[in-house]
Every structure is written in C-alpha cells, then in structure tokens.
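S.K.: Please read through the structure below; I'll follow up with questions.
Numbering (my numbering), first residue to last: 2 to 133.
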C-alpha cells in the first residue's frame, strides 16, 4: 500500500513523524480523508478527532485547532494540542466539561468564546477516549 509522510507539530515540538496510509481530519469546511497523492491543500483544522491509519494500526487522537498543509508526498499538521486515547486524563476532561458548562450556564463575567472553546476541547477528549 502507498504511504505518505505525516508530521505533526505542537507548540512543544515534533509529536509525530512517520509514514502513514491515510488520515482523517476535520477542517473548518468538512471532514477530510487524505490518501497518498492527495492534491495540495492548506486548511484550518478544528478541535476534533484525528484518525491515523498505518498498515497495522488505526489510531485515534484528540487534536486542538491548527493548520493542515498537504503536499504530494507529505502532510504537515500544526496543532495547539494532541493526545492519544491513552494520554487522555478522562477525569480531568470530565471536570473541564463540568466547569465550562457551569460557567456558560451562569454567564457571569466570563469570556464566552474562551469557555466555549474549553468545552469543545473537553467534549472532544471525552469522545476520543470513549471511541471504540
């Protein structure tokens, strides 16, 4: 099976640098499946689930906002954060969800956009953790 090089970077440095068969990521426009030889593309990435398919694995990650740069033989993903299912602290994610929900319900002296983003990240982590 054909592959392409996937590189993932966070503000803390390189997180992933391997050949893969396919990725599935959510942009601000649509859910995008990328295979080897995909047309060049630059897109904004939303807080979402990232699926990475290799010859022997199908791995799922929770990613933060970022940018996707697709070239013929290489895909670069720059994201605020990334966590594999086993890296997710589910209790922390549930607390973050509860705190954000309470803040949005009270709406007293909060930055609504910031709290909504925190809620989206928490819900994404929970969804990835619970994904079979």
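By construction, the Cβ of each residue, glycine as well, lies at the ideal position given by its N, Cα and C atoms.
Tell whether a beta-carbon distance below 8 angstroms holds between residue 21 and residue 53.
M.R.: Indexing the chain shown from 1 puts residue 21 at position 20. Indexing the chain shown from 1 puts residue 53 at position 52. For residue 21 and residue 53, yes; Cβs fall inside 8 angstroms.
S.K.: Quick one: residues in its chain with C-beta nearer than 7 angstroms to the C-beta of residue 104, no 5 flanking neighbours on either side, listed in chain order?
M.R.: For the purposes of this step, residue 104 is taken as residue 103 along the chain shown, with counting starting at 1. If we look at residue 104 and ignore the five residues flanking it on each side, its Cβ neighbours are 111 and 116.
S.K.: Once DSSP output is grouped into helix, strand and coil, what is the label at residue 6?
M.R.: Here residue 6 corresponds to residue number 5 of the chain shown, with the count starting at 1. Strand.
S.K.: In three-state DSSP terms, what is residue 106?
M.R.: Position 105 of the chain shown, counted from the start, is the residue given in the question as residue 106. Helix.
S.K.: Which one or two residues does DSSP pair with residue 20 in a beta bridge?
M.R.: Locating residue 20 in the chain shown gives position 19, counting from the first residue. Looking at the DSSP assignment, residue 20 forms a beta bridge with 6.
S.K.: Return the Cβ separation of residue 68 and residue 32 in integer angstroms, given the expectation that the two are a contact with Cβ distance under 8 angstroms.
M.R.: Mapped onto the chain shown, residue 68 falls at position 67. Mapped onto the chain shown, residue 32 falls at position 31. That belief does not hold up - the Cβ atoms of residue 68 and residue 32 are roughly 17 angstroms apart, past 8 angstroms.
S.K.: What does the alpha-carbon distance come out to for the pair residue 50 and residue 38?
M.R.: Residue 50 sits at position 49 when you count from the first residue of the chain shown. Residue 38 sits at position 37 when you count from the first residue of the chain shown. Going by the C-alpha atoms only, they are around 22 angstroms apart.
S.K.: For residue 16, collect the residues of the same chain with a Cβ closer than 6 angstroms to its Cβ; drop the 5 residues on either side in sequence, then sort them by chain order.
M.R.: Numbered from its first residue, the chain shown carries residue 16 at position 15. Excluding residues within five positions, the ones whose Cβ falls inside 6 angstroms are 9 and 83.
S.K.: With DSSP as the reference, identify every bridge partner of residue 68, one or two as the case may be.
M.R.: Taking the first residue of the chain shown as 1, we reach residue 68 at position 67. Paired residue(s): 45 and 79.
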